[in-house]
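Okay, structure first, notes after.
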Amino acid sequence: MGIAFKVTIIAYALVVGVWDFFCRRIPNALSLAALATALTISALAGGKQLIFSLKGAALGLGLGLVPFALKILGGGDVKVLTALGSLVGTAALWEIFFYANISLGGLVLLTLLTKLVVSLYKSRNSHASSVLGEVGKFLRYGLPYSTFLAMACLFTLLKI
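Quick note on my numbering: the sequence shown kicks off at -13 and runs consecutively.
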């Protein structure tokens, strides 16, 4: 993996992760620019690299379509998976997908455990309702999946 790809991946992951965390929307231009950059760099590097990027993009699109159809993921998350796949390829994308889902699942379990503890405390003390309300708001508005993808991408990139 060349330095141009690594710089592009780091920049894209950082921008997407922060943007999704604060805005809960990912601009189409951001994902399309990353995809176009990956495919352009790949095309300049030769046929094997272009196939590497196209396979990664296809896997990213495939991983995102079913959850999108089930309304689990948003369209921006699917585009981020597609762009990341074109940047890192299939093997690294599987790893990113795994780490993102494990960390997100861990956060959900921690949040549910917190909610359980607070509800038990609330039954004994009425002052806990504000904490419980905050946990409920956090889950109600959804979790920024692309932020977890970005963190997993950076974690995986350190191993590449």
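Don't be surprised by glycine CBs; every beta carbon is placed ideally from N, CA and C.
- Shown here, leucine 59 sits in coil according to DSSP, grouped into three states, outside any helix or strand.
- Threonine 133 and tyrosine 107 have their alpha carbons spaced roughly 31 Å apart.
- Burial is judged here by how many other beta carbons sit within 10 angstroms of a residue's own beta carbon; glycine 61 has fewer than 16 and is exposed.
- By the C-beta density criterion, phenylalanine 38 is buried, having at least 16 other C-beta atoms within 10 angstroms.
- Here lysine 145 is exposed, its C-beta having fewer than 16 other C-beta atoms within 10 Å.
- For leucine 98, the number of other beta carbons within 10 angstroms of its own is below 16, and it is reported as exposed.
- DSSP places proline 13 in the coil class of the three-state scheme, outside both helix and strand.
- With respect to leucine 45, threonine 23 sits apart: the two C-beta atoms are not nearer than 7 Å.
- For the region 20 to 87, not one full-length beta strand (DSSP E) segment reaches 3 residues or more.
- Per the coordinates, the alpha-carbon of cysteine 139 lies some 35 Å from the alpha-carbon of serine 105.
- For the pair leucine 40 and leucine 25, the Cα-to-Cα distance works out to about 8 Å.
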